[in-house]
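**Q**
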Amino acid sequence: MTPEDRQVLFHVAQWTLEHRYFRVEMIRQLAGTEENYLIIMKEIDRVKAQLKRARTLAADATLTVVDWVQILERFEWQCAYCQEKPFEVMSHIIPLPRGGTTPENCVPSCYSCSSGTRKRYARRRLLAELERADDYPEQKYRSG
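Right under this line is the structure:
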């Protein structure tokens with residue numbers, strides 16, 4: 000994905016935030032290419048699905064598509080845990096019922112890092128990195 004493509008995706012994400020009821024045809028036009036259109040639609044659907052899950056569990060649900068695209072950019076569209084593979088899923092650092100679907104709790108992840116034992120170790124490393132970077136308030140990531 001080129002820097003221009005990333006800029007287009009961010010622009011489309013901003014547009015969707017400003018236009019609550021948007022038309023798919025307009026997103027297709029703004030995206031410029033079919034590839035960009037498919038990517039942004041997938042991310043819009045991903046965010047909507049995670050927000051619905053959070054609301055169902057009565058958890059915080061504040062993540063926007065713009066937030067999610069910014070998070071993807073921060074991690075260069077790679078897994079936040081291993082930083083080696085392209086991301087495949089949205090992962091919650093603190094389990095969804097406690098942490099919600101919020102910008103502070105969502106990161107991109109590959110399938111292997113998002114499941115099981117490997118996630119626990121990767122999560123510790125990611126938390127340490129985020130705290131060192133001072134990007135997020137430390138208390139947001141404390142699980143108990």
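In terms of numbering that gives the first Met the number 0, the sequence shown has 122 at position 123, counting the first letter as 1, and numbering is strictly consecutive.
For each residue, glycine too, the CB sits at the ideal point set by N, CA and C.
Can you give the beta carbon distance from Thr100 to Leu62, rounded, assuming they're within the 8 Å contact cut?
**A** With a Cβ gap of about 5 Å, Thr100 and Leu62 count as contacting.
**Q** When the distance is taken between beta carbons, is Ile93 closer than 8 Å to Leu125?
**A** Contact flag unset, no.
**Q** Going by other Cβ atoms of all chains shown within 10 Å of its Cβ, with 16 needed for buried, is Thr15 buried or exposed?
**A** By the neighbour-count rule (16 or more Cβ atoms within 10 Å), Thr15 is buried.
**Q** In three-state terms, what does DSSP make of Pro96?
**A** Correct three-state label for Pro96: helix.
**Q** Using DSSP with H/G/I as helix, E/B as strand and the rest coil, what is Ala58?
**A** Three-state DSSP puts Ala58 in coil, outside helix and strand.
**Q** With distances taken between CB atoms, is the gap from Cys81 to Cys112 smaller than 8 Å?
**A** Yes. Within cutoff.
**Q** Going by DSSP in three states, Met25 sits in which element: helix, strand or coil?
**A** Note: Met25 maps to helix in three-state DSSP.
**Q** Measuring only between beta-carbons, confirm whether Leu71 sits less than 8 Å from chain D.
**A** The structure shown contains no chain D, having only a single protein chain.
**Q** With the cut-off set at 8 Å, would you say Leu129 and Val68 are in Cβ contact?
**A** No, they are not a contact pair.
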